[in-house]
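Residue numbers (full-length UniProt numbering): 1 to 108.
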């Protein structure tokens, strides 16, 4: 993947995550700046999603664990667990918000 392709893909993914969180119906505060999106849940736990340009990855830090995602076959896949990004985000956000949350990109 070319450098510019990675940046476009990562930035559009982070924006889609922010939009999905804002539309999920749970009061989660989103703060974005540069290459980082920080989510603060009603119980004051945090989740951080950020770009890692040298590795062409997206990193997700939850209250419970850290995940490193690589673009494979049209989706972001955790290089340790094999989890798909949106599935992991929904599961982690549900745990941190202490209520079911389903996150997905707007076009799906």
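Idealized CB from N, CA, C, for every residue including glycine.
Fair warning: this is a prediction, and the values are worked out from it, not measured in the lab.
Under the assumption that residue i contacts residue j (Cβ atoms under 8 Å), give the Cβ distance between them as a whole number of angstroms.
i	j	result
residue 70	residue 57	6 Å
Span of the alpha helix (DSSP H) holding residue i?
i	result
residue 14	3-23
residue 91	85-97
What's the C-alpha gap between residue i and residue j?
i	j	result
residue 101	residue 25	8 Å
residue 52	residue 6	10 Å
residue 59	residue 40	17 Å
residue 73	residue 61	23 Å
residue 29	residue 18	10 Å
residue 12	residue 93	20 Å
residue 15	residue 3	18 Å
residue 8	residue 99	32 Å
residue 23	residue 82	26 Å
residue 65	residue 32	21 Å
residue 75	residue 84	7 Å
Which residues bound the beta strand (DSSP E) around residue i?
i	result
residue 58	57-61
residue 36	36-40
residue 32	29-33
residue 80	Counting along the chain, residue 80 falls outside any beta strand (DSSP E), and DSSP gives it neither H nor E.
Leaving out five residues on either side along the sequence, give the residues of the same chain with a beta carbon under 8 Å from the beta carbon of residue i.
i	result
residue 104	20, 86 and 90
Note down, in chain order, each residue of its chain lying with its Cβ closer than 7 Å to the Cβ of residue i, except the 5 sequence neighbours on either side.
i	result
residue 1	56 and 71
residue 35	50 and 51
residue 10	51 and 58
Report all residues from its chain with a CB closer than 6 Å to the CB of residue i; omit the five preceding and five following residues, and keep chain order.
i	result
residue 42	27
residue 68	57, 59 and 79
residue 63	45 and 96
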